[in-house]
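Visitor: Mapping the sequence shown onto our numbering, position 56 (from 1) lands on 57, and the numbers just tick up by one.
For each residue, glycine too, the CB sits at the ideal point set by N, CA and C.
Please read all numbers here as calculations on a predicted model, not as lab measurements.
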Amino acid sequence: MSKVEQRLKELGYELPPVPPKMANYVSCVQTGHVVYTSGAGCYVNGSPMYHGRLGEDVTIEQGYEAAKVTALNLLAILKDELGDLDRITRIVKLFALVSSAPDFYEQPQVINGASDFFIGIFGEAGKHARSAAGTSVLPFNNPIEIEMIVEVSPA
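1. State yes or no: is the C-beta of Leu-95 within less than 9 Å of the C-beta of Met-149?
2. What is the DSSP secondary structure of Gly-135, reduced to helix, strand or coil?
3. What would DSSP say about Ser-3, mapped onto helix, strand or coil?
4. From the DSSP output, which residues share a beta bridge with Arg-8?
5. For Tyr-37, which residues does DSSP report across the bridge?
6. Which residue marks the beginning of the alpha helix (DSSP H) containing Lys-96, and which one marks its end?
7. From Gln-31 to Val-151, what does the alpha carbon distance come to, in whole angstroms?
8. Taking Val-36 and Cys-29 to be in contact with their CB atoms under 8 Å, please state how far apart those CB atoms are, rounded to whole angstroms.
9. Evaluate Phe-141 with the Cβ neighbour count: other Cβ atoms within 10 Å of its Cβ, from every protein chain shown; 16 or more gives buried, anything less gives exposed.
10. List the DSSP bridge partners of Pro-49.
11. Output yes if chain D places a C-beta closer than 9 Å to the C-beta of Tyr-14; else output no.
12. Compute the Euclidean distance between the alpha carbons of Gly-84 and Glu-6, then round it to the nearest angstrom.
13. Measure the Cβ-Cβ separation of Ala-133 and Val-93 and say whether it is below 9 Å.
14. Would you please state the rounded distance, in angstroms, between the beta carbons of Gly-114 and Glu-57? I believe it to be under 8 Å.
15. Under a three-way DSSP split, which group does Leu-55 fall into?
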């Protein structure tokens, strides 16, 4: 078991199956020592854990948890791509979209769920640059979508 997976287990998490792709794209693209993921959502057993918009259908607390689940799904995608999560040397950047009611302005607090998760798993190497933006809708009525950039060691 990798150190990252051991840390996940210590914190009570288990990598889920890789979420299914919903359209014509690849889950990751690696160039050199950098991997870019496509956007992922808060899927549990193939379905979003929440539907709708923050500030309307989903609370900040639920959004925070959804961001953690999304982060876990991103790690599953990266393990599928890399074979070993210990190859991740740095979480470089997260770009997050939050489906938001017109008067919802707490996107950063919601996406802290993913940021706190990555820092808890990777420590200093988990600290990252980040954007958290609101949008009116996301595909399949998901409340959150996150993509990430990671630096990796050679295979």
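Guide: This is what the structure holds:
1. Position 94 of the sequence shown, counting from 1, holds the residue named residue 95. Position 148 of the sequence shown, counting from 1, holds the residue named residue 149. Cβ distance < 9 Å, so Leu-95 and Met-149 count as in contact.
2. What you label residue 135 is simply residue 134 of the sequence shown in a count that begins at 1. Note: Gly-135 maps to strand in three-state DSSP.
3. Reading the sequence shown from its first residue, position 2 is the one you call residue 3. Reduced to three states, the DSSP call for Ser-3 is coil.
4. Mapped onto the sequence shown, residue 8 falls at position 7. Partner(s): none; Arg-8 has no beta bridge.
5. As a working note, residue 37 is residue 36 in the sequence shown. Answer is Val-30, Ile-150, bridged to Tyr-37.
6. For the purposes of this step, residue 96 is taken as residue 95 along the sequence shown, with counting starting at 1. Looking at the sequence shown, residue 96 is not Lys but Phe. According to the DSSP assignment, Phe-96 belongs to no alpha helix (DSSP H) but to the beta strand (DSSP E) extending over 89-100.
7. The count along the sequence shown starts at 1 and reaches residue 31 at position 30. The count along the sequence shown starts at 1 and reaches residue 151 at position 150. Their Cα atoms are separated by approximately 9 Å.
8. In the sequence shown, the residue the question calls residue 36 occupies position 35. In the sequence shown, the residue the question calls residue 29 occupies position 28. Rounded, the Cβ-Cβ distance is 5 Å, consistent with contact.
9. Here residue 141 is taken as the residue at index 140 of the sequence shown, counted from 1. Classification of Phe-141: exposed, given that the 10 Å Cβ count is below 16.
10. Your numbering for residue 49 matches position 48 in the sequence shown. In the DSSP output, where bridge partners are listed per residue, Pro-49 has Tyr-44.
11. Absent from the structure is chain D; it holds one protein chain and no more.
12. Locating residue 84 in the sequence shown gives position 83, where the first residue counts as 1. Locating residue 6 in the sequence shown gives position 5, where the first residue counts as 1. For the pair Gly-84 and Glu-6, the Cα-to-Cα distance works out to about 12 Å.
13. On the sequence shown, position 132 is the one that residue 133 refers to. On the sequence shown, position 92 is the one that residue 93 refers to. No.
14. For the purposes of this step, residue 114 is taken as residue 113 along the sequence shown, with counting starting at 1. For the purposes of this step, residue 57 is taken as residue 56 along the sequence shown, with counting starting at 1. Their Cβ separation, rounded to whole angstroms, is 18 Å, which puts Gly-114 and Glu-57 out of contact at 8 Å.
15. Within the sequence shown, the letter at position 54 stands for residue 55. Here Leu-55 sits in strand by DSSP.
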